[in-house]
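Asks:
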Amino acid sequence: MGEAMTEAAAAAAPAPQVDEPNTVSVHVEGPGAKDAIMLEHVSPLDTVMTLRQMIAEFPVLAHHTCYHLELQIPEDQWIPLNDFIEFGDYLAAWDETTTSFNVRMIHDRYDVRKVRAQVRRFRDIMANPPIPQSATALAPKKTIEEKKLTPKQETDKQLKLLKDIHSKLEGLVVPVEPSLATLYQPVALQGAKKAADAEKKDQPKKSKGKKKAEAKASNNATPEETPLDATLPKCIESIVVSGFNPPPGPRKLAGDLTYLEVTLTDKSVHQITAHVAGFYINKSSKTSFDPRPAASHHHLLLDVLSAASPLFAAQYAKLLSTAAAWATAGASSVEAMVQASAGAQSLVWTTPLNASAHTFDANRAQDDLSVGIDERGVIRDWNEEYQCARELPNATLREQIVRSRVLFKIMAEFAEAATAGAIAIVDGTIPSINPMDDESAFVYVYNHIFFSRAVEGQKHVATDADNNHENAYSSANHDLQGVKAYNAADVTGLHTLATVVVDYLGVRIIGQSIIPGILQGEAASKLVYGSVDGGKTIASNPEMHAMMQTAAETLLIAERTVAPSGGSDEAPSGEAGSAPVALCGPVEAKGILGSDNRHYILDLVRITPKDYTFYNPESDTVNEASRASLLADADAGKYTALLRPELVQLYARWKANQAKQAAKTTETETTSDEAKTDEAKADEAKTEDEEAEAATLRFNTNVLMPYASSTDATLAAEDETVAKDAAAYLQTMVIPAFVADLRRGAMYPVDGTALTDMLHACGINLRYLGKIASLCASFEPHVSKYVAEILEVEMIARSLKHIVSQLFLSHPSLRTTPGSVLLQVLNALLGAPRPTTTTTLDDLTANVAALSLAPDAIPDLDASSLWARISSDVQTRFGYTLRFWPASAPKKAKKGKKEATPEPVRAHKTPLLRRVCQRLGWQVASRQYNFDAEYPFAADDVTGVVPVVKTSAPAHAFVQAATLIERGRYLLSQGVLAPAYEMLQDASSLLYQVCGGSHEDAALVCASTATALYHAGDVPGAIASQRRALGLYSQLKGLDYYDTAFAHANLALYMHANAETAQAVAHMTRAIQILEVAAGPHYPETSVLYYKLGMMCQDVGHVALALTCHREALRRGELDRLQAAGTLHAMAMACVLVGGFREALAYEQKVLSLYTEVFGEEDPRVVECHKYIETFTERAVAGAKGRQELDAAAAADAMADALAEEWAVEIRRDEKKATKTTAKANKKK
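Here the sequence shown is numbered in the UniProt record's numbering, starting from 1 and rising by one per residue.
Now the structure itself:
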């Protein structure tokens, strides 16, 4: 429903006009005029720093860090360029028609900071080398040979290709095993390994002559068929700071900056001096200091080592060639580079096994213990940067691009700094600024970021008697939504704070930029809007109120006059008073006038009304007793149950549509046939009135609260009715429509992340997961089994998150050794408990002992107690009783009952492990776990905890680009390729200027562009674009993200169309593996992928494998009869390929019954199916007659052979008798 609404809005919305400045080409000349490169498609809006980043992508110039750029202007003069100024500002000296410019690199002298940058760049290149730009373009295959092939040679060539494909497909196992152990293996490498293993298995059966022939064939194989290196070659062992640092006084005066100790792979050690003029090897050893040069100096560290060691030079050349080979291999290269560079993804719940082996690495130790100059320099004033960026002009497209780019950069850096600060707070590194208060009320200031805790269990500020542990936790989420909503409204002069919410080790930390003067008291900042004492006194400023009114137009918030409740013992703060005031928004929202004279709006928790139905149910979907335990006293502090902003917008649109339909009905009843022109005018006027009426629908956010929401009682009653109707609309319209979409297969969320996004897009709160699951259970025979499974997994993961938070809160010492908690929880959650085990606690303690010297094992945290807590929490939180969990193990014990065992397993532990780790930020080793064991996880399997971060940054980096993407995708779905392609290219250009190429929207553009190119017939272009999309999804979202799986599947289809079936099959199997890991075996799309996999095998003539895939597709498919009919027809055609007409006839008859049941007898598909059946029947009968004739001939031949044998026996008998008689006669003679 949400997707359809988005598409309709995208279709109705006009595409923004993109007046993009023309791009230029920049010829860059390296230092000393040695090397030169050409930068294409450079935008004048790019800064010179962006040019430096582009230059760093070329291997010949990647190592240069200490230089500045100079631009050639007319009269052969060169001017230096400032790194932070746009490149277009320097082009005024040239004519506007000039599109090519010359830039040269000039070496600068080093200082300590630049030496560090040079060493860091050198080490980064050793770990993740730049890809040669020529290697990214695939080399054209030699399809035309010098000599024209004869038909026989062409046939032999095609047969050889088919045999090669068949040999590679021999390693394919159907069904695909959803193993975590192979998740980090690159697709191309895995396929090559399988083919090699298959060849090794086949070799002993062949003769020596065939082996020699194969050896010759392997020598003549193309480079594309040779297996790629799985790892990057190692060039250096370590590069660390020497023990002779810092330089002594005389050497420092001579220009020495620092001394480095480089150990190469042959264990040779070089002592290198970093001088202001460059680097050189000195004559020092490990024991003696001799700063004199032992070789000539170079500006680059790479040149010094290349000149000193031929081995290093050879290894570095091999490093670049391996990177080029990975780039040529396509998407597999991106996965291999993700494997080589850890930490490239945003949130990874698994870690590769090779990362688990802790090896000696002096570089890592040097980074961990580096305590030199703080490279941040002066602590940044985040608030000033953020507010100045929001105040940038945005009238023209160029100004909007600049503003969005600055905001994106600042928010990304702020989120990184706030995350690091939140982790340090939880770890105890940063002290609080109010150590005398209770620990739950601690606040912190670090790096100009204000941090506060939202710990479960702390009391809410609104009431001291509030013991609801959900308040602070959920209020942080609601506040973040409010900040996002006001940022989207983008009212000039109304400022919000940069906000980040970090969940780490059971603690929720809120990081915000600091309002100038707010920490210095009311003298520097004052309250000008809202209330700080729960509505006892309220402030309202005319200037602030005008800005809030502007924002309320977008957010559909009503303006109401609210009277303070009074009773405050303290003096009112700021402009607050006890007189009734007009407000647009919640009473608890605070408008602050900072010392910088900016108006800030804070505490935007309730920008939507409370959910009346949740507190006053009219149905028994949520039990009263469970609600009473969850929401002890629904007082002013209870902000948990609010309507979502998306629902408010949907309800307003629905009311507008209802009004339009009612107006049309009334108009048709009262219209007369006399004045049709007057009727048309009346329709137009009515439409305008309806739009105005729809625009006046506003929500009072202060309804259903203890205080009066308005001084006008009638208006307050009407506002309350609107809020109640919106809540009823959620229950009676939106949730049933969502369940209906799940029922008919209109949407298939792959995992909890996709489910959450879909629910939020429809305006449904996740507290209604239980109701949705109950409705789906009532339709279960007609709903995919997978839906109920994923809903239960999501409820368990969310409940477990709160249980673990309470566990850390009740045992604070466990945060010092969190691995023990993780290990116990995972084993209790996913292990198979043994009822007869008596030493459970002893075994558990033995496992935990590997993690800590003094482990804090929790005695009651076993499987039974944990699942009891989870079941109770799910019942309380969602009003739902778990049906599939905990996983029942007694099936194995009942050996006698064989008929009851075929019941399908509905509790899948791998998807639950994945979702739990994603929700809690846990990391486990990527290996196959034995969930049938009592303790499937060992100490080494728990590899880390990462923070789960939510930011106030918008979902789309640039709104205009997002609009172009939606419009382009809509046109693409309608088959309008050319305009869709142009819009996608414009969106790509805008995104590159705002956030570069590494953004989820950029991946979506690449995937949509690939689809357009594929339908336009440009298959190689589609493959290249889809590879970029796959690489972006893999790096940004992880290797098991659902969009990554679909990117694999689409790339497989494109590669199969380009006659690269072996690689296509590998990508399709990886897609199936990812989907089964994320969603379990009952996910409906898995059946479609198996069908496509079977068609690939069928197209290359591997009929047996194709039939196996089709059978698996039928087994996985549940309710889609059309797909079942298509699969059965494909199986019939596969049988035809090998002459099995009787089997094909049986399959086609099943197809006929399905089509007849769905479409009726007159449908063209049924008629075509009848034709197939007639053809197959004739061929089957002809085959049977042929078999009968062959059988008769064979019988005659057998009879003739039998008679011949009898005659031969008789002849031999006669001959024996004759010989005997002759022998007797001779004896007588």
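We treat Cβ as the ideally placed atom computed from N, Cα and C, and that holds for glycine. In this text the structure is predicted, and so the values were computed from the model without any measurement.
Using the three-state DSSP reduction, which class does arginine 453 fall into: helix, strand or coil?
Replies: Taking the sequence shown and counting its residues from 1, the one referred to as residue 453 is at position 453. Residue state, collapsed to three classes: strand.
Asks: Using the Cβ count rule (16 or more neighbours within 10 Å means buried), how would you classify leucine 1053?
Replies: Residue numbering aside, residue 1053 sits at position 1053 when the sequence shown is read from its first letter. Label assigned to leucine 1053: buried.
Asks: Considering just the uninterrupted stretch of the beta strand (DSSP E) at arginine 104, what are its terminal residues?
Replies: Translated into positions along the sequence shown, residue 104 becomes position 104. Residues 100-107.
Asks: Would you say alanine 274 and tyrosine 110 are within 8 Å of each other, going by their C-beta atoms?
Replies: Start at 1 with the first residue of the sequence shown, and residue 274 comes out as number 274. Start at 1 with the first residue of the sequence shown, and residue 110 comes out as number 110. Contact: yes.
Asks: Give me the Cβ distance between histidine 760 and glutamate 646, rounded to the nearest whole Å; I'm assuming they're in contact under 8 Å.
Replies: Along the sequence shown, read from residue 1 onward, the residue named residue 760 stands at position 760. Along the sequence shown, read from residue 1 onward, the residue named residue 646 stands at position 646. Confirmed, about 6 Å.
Asks: Just to confirm the assignment: which complete alpha helix (DSSP H) runs, minimum length 4, are found wholly within the segment 536-597?
Replies: Runs of the alpha helix (DSSP H) inside the segment 536-597: 542-555.
Asks: Identify whether valine 491 lies in helix, strand or coil by the three-state DSSP scheme.
Replies: Within the sequence shown, residue 491 is the residue found at index 491, counting from 1. Reduced to three states, the DSSP call for valine 491 is coil.
Asks: Three-state secondary structure (DSSP) at aspartate 862?
Replies: On the sequence shown, residue 862 is found 862 positions in, with the first residue counted as 1. Coil.
Asks: Is serine 525 near glycine 594, with beta carbons less than 8 Å apart?
Replies: Walking along the sequence shown from the start, residue 525 turns up at place 525. Walking along the sequence shown from the start, residue 594 turns up at place 594. In contact: serine 525 and glycine 594 (Cβ atoms closer than 8 Å).
Asks: Output the distance between the C-alpha atoms of lysine 1217 and valine 1209, rounded to the nearest integer angstrom.
Replies: Working through the sequence shown from its first residue, we reach residue 1217 at position 1217. Working through the sequence shown from its first residue, we reach residue 1209 at position 1209. Looking at the two C-alpha atoms, the distance is approximately 12 Å.
Asks: Identify whether glutamine 661 lies in helix, strand or coil by the three-state DSSP scheme.
Replies: Against the sequence shown, residue 661 aligns to sequence position 661. In this structure, glutamine 661 counts as helix in the three-state DSSP scheme.
Asks: Is alanine 1010 buried or exposed, if buried means 16 or more other CB atoms sit within 10 Å of its CB?
Replies: Residue 1010 sits at position 1010 when you count from the first residue of the sequence shown. Buried, because 16 or more other Cβ atoms sit within 10 Å of the Cβ of alanine 1010.
Asks: Phenylalanine 84: which of Thr721, Leu769, Thr47 sits nearest, CA to CA?
Replies: Here residue 84 refers to the residue found at position 84 of the sequence shown. Closest option to phenylalanine 84, Cα to Cα, is Thr47.
Asks: Give the secondary structure of glutamate 70 by DSSP, where H, G and I count as helix, E and B as strand, and everything else as coil.
Replies: By 1-based counting over the sequence shown, the position of residue 70 is 70. Strand.
Asks: For glutamine 806, report the span of its alpha helix (DSSP H) as first-last.
Replies: Indexing the sequence shown from 1 puts residue 806 at position 806. Run containing glutamine 806: 785-810, per the alpha helix (DSSP H) assignment.
Asks: Taking Cβ to Cβ, would you say alanine 957 is nearer than 8 Å to aspartate 1001?
Replies: Working through the sequence shown from its first residue, we reach residue 957 at position 957. Working through the sequence shown from its first residue, we reach residue 1001 at position 1001. In contact: alanine 957 and aspartate 1001 (Cβ atoms closer than 8 Å).
Asks: Helix, strand or coil, according to DSSP, for histidine 816 in the structure here?
Replies: By one-based count along the sequence shown, residue 816 stands at place 816. Per the sequence shown, the amino acid found at residue 816 is threonine instead of histidine. Of the three classes helix, strand and coil, the one that applies to threonine 816 here is coil, per DSSP.
Asks: Please name the residue in Val946, Ala92, Phe1176, Cys995 whose C-alpha comes closest to that of leucine 505.
Replies: For the purposes of this step, residue 505 is taken as the residue at position 505 of the sequence shown. Considering only alpha carbons, the answer is Val946.
Asks: Quick one: is methionine 38 buried, meaning 16 or more other Cβ sit within 10 Å of its Cβ, or exposed?
Replies: Stepping through the sequence shown from its first residue, residue 38 is reached at position 38. Counting Cβ neighbours within 10 Å, methionine 38 comes out exposed, since fewer than 16 surround it.
Asks: Identify, in the order they occur along the chain, each residue of the same chain with its Cβ nearer than 6 Å to the Cβ of isoleucine 1211, setting aside the five sequence neighbours on each side.
Replies: Along the sequence shown, one-based indexing puts residue 1211 at 1211. Excluding positions up to five away in sequence, the list is empty.
Asks: Rounding to the nearest angstrom, what Cα-Cα distance links valine 1103 and leucine 1137 in this structure?
Replies: Indexing the sequence shown from 1 puts residue 1103 at position 1103. Indexing the sequence shown from 1 puts residue 1137 at position 1137. Going from the Cα of valine 1103 to the Cα of leucine 1137 covers about 8 Å.
Asks: Candidates Ile236, Arg121, Ala925, Phe101: which alpha carbon is nearest leucine 71's?
Replies: One-based indexing of the sequence shown puts residue 71 at position 71. Comparing Cα positions, the closest option is Phe101.
Asks: Expressed to the nearest angstrom, what Euclidean distance is found between the alpha-carbon atoms of alanine 539 and aspartate 381?
Replies: The residue given as residue 539 occupies position 539 in the sequence shown. The residue given as residue 381 occupies position 381 in the sequence shown. Each residue's Cα considered, the two are about 29 Å apart.
Asks: Roughly how many angstroms separate the alpha carbons of alanine 1144 and alanine 1057, rounded to a whole number?
Replies: Reading the sequence shown from its first residue, position 1144 is the one you call residue 1144. Reading the sequence shown from its first residue, position 1057 is the one you call residue 1057. Spanning the two alpha carbons is a distance of roughly 26 Å.
Asks: Give the straight-line distance between the Cα atoms of proline 74 and alanine 92, rounded to the nearest whole angstrom.
Replies: As a first step, residue 74 must be located in the sequence shown, where it is residue number 74. As a first step, residue 92 must be located in the sequence shown, where it is residue number 92. Using only the alpha carbons, I get a separation of about 11 Å.
Asks: In terms of residue numbering, what span does the alpha helix (DSSP H) encompassing glycine 249 cover?
Replies: On the sequence shown, residue 249 is found 249 positions in, with the first residue counted as 1. That run of the alpha helix (DSSP H) goes 249-253.
Asks: If you run the structure through DSSP and keep just helix, strand and coil, what is residue 1232?
Replies: Residue 1232 cannot be examined here, being either before or after the span of the chain that is shown, 1 to 1229.
Asks: Does threonine 1221 pass the burial test, meaning 16 or more other C-beta atoms within 10 Å, or should it be called exposed?
Replies: Walking along the sequence shown from the start, residue 1221 turns up at place 1221. Looking at its Cβ environment, which holds fewer than 16 other Cβ atoms inside 10 Å, threonine 1221 is exposed.
Asks: If you drop the 5 nearest sequence neighbours on each side, which residues of the same chain put their C-beta closer than 8 Å to that of serine 852?
Replies: Here residue 852 corresponds to residue number 852 of the sequence shown, with the count starting at 1. Model confidence at serine 852 stands at a pLDDT of 47, short of 50, so the residue's coordinates are unreliable; what they give is reported in the following sentence. Closer than 8 Å at the Cβ level, and outside the excluded window around serine 852, lie Thr817, Gly819, Ser820.
Asks: Under 8 Å, do isoleucine 165 and threonine 1069 count as touching if we go by C-beta distance?
Replies: Translated into the one-based positions of the sequence shown, residue 165 becomes position 165. Translated into the one-based positions of the sequence shown, residue 1069 becomes position 1069. Not a contact, by the Cβ cut-off of 8 Å.
Asks: Find out if the Cβ-Cβ distance for the pair leucine 311, phenylalanine 122 is shorter than 8 Å.
Replies: Here residue 311 is taken as the residue at index 311 of the sequence shown, counted from 1. Here residue 122 is taken as the residue at index 122 of the sequence shown, counted from 1. No, they are not a contact pair.
Asks: Can you check which of these residues, Ala418, Lys152, Ala1047, is closest to isoleucine 514 by C-alpha distance?
Replies: Position 514 of the sequence shown, counted from the start, is the residue given in the question as residue 514. For the residues Ala418, Lys152, Ala1047, the minimum Cα distance to isoleucine 514 belongs to Ala418.
Asks: Look up valine 445 in the DSSP assignment and give the residues it is bridged to.
Replies: Indexing the sequence shown from 1 puts residue 445 at position 445. Bridge partners of valine 445: Phe450.
Asks: Find out if the Cβ-Cβ distance for the pair glutamine 918, tryptophan 349 is shorter than 8 Å.
Replies: Counting from one through the sequence shown, the residue named residue 918 turns up at place 918. Counting from one through the sequence shown, the residue named residue 349 turns up at place 349. Result yes, Cβ atoms of glutamine 918 and tryptophan 349 sit closer than 8 Å.
Asks: Count the other CB atoms, across all protein chains shown, that sit within 10 Å of the CB of serine 784; report buried if there are 16 or more and exposed otherwise.
Replies: Taking the first residue of the sequence shown as position 1, residue 784 is located at position 784. Its Cβ being crowded by 16 or more others within 10 Å, serine 784 is buried.
Asks: CA-CA distance, serine 242 and glutamine 271?
Replies: To locate residue 242, count along the sequence shown from 1; it is residue 242. To locate residue 271, count along the sequence shown from 1; it is residue 271. Roughly 8 Å separates the two Cα atoms.
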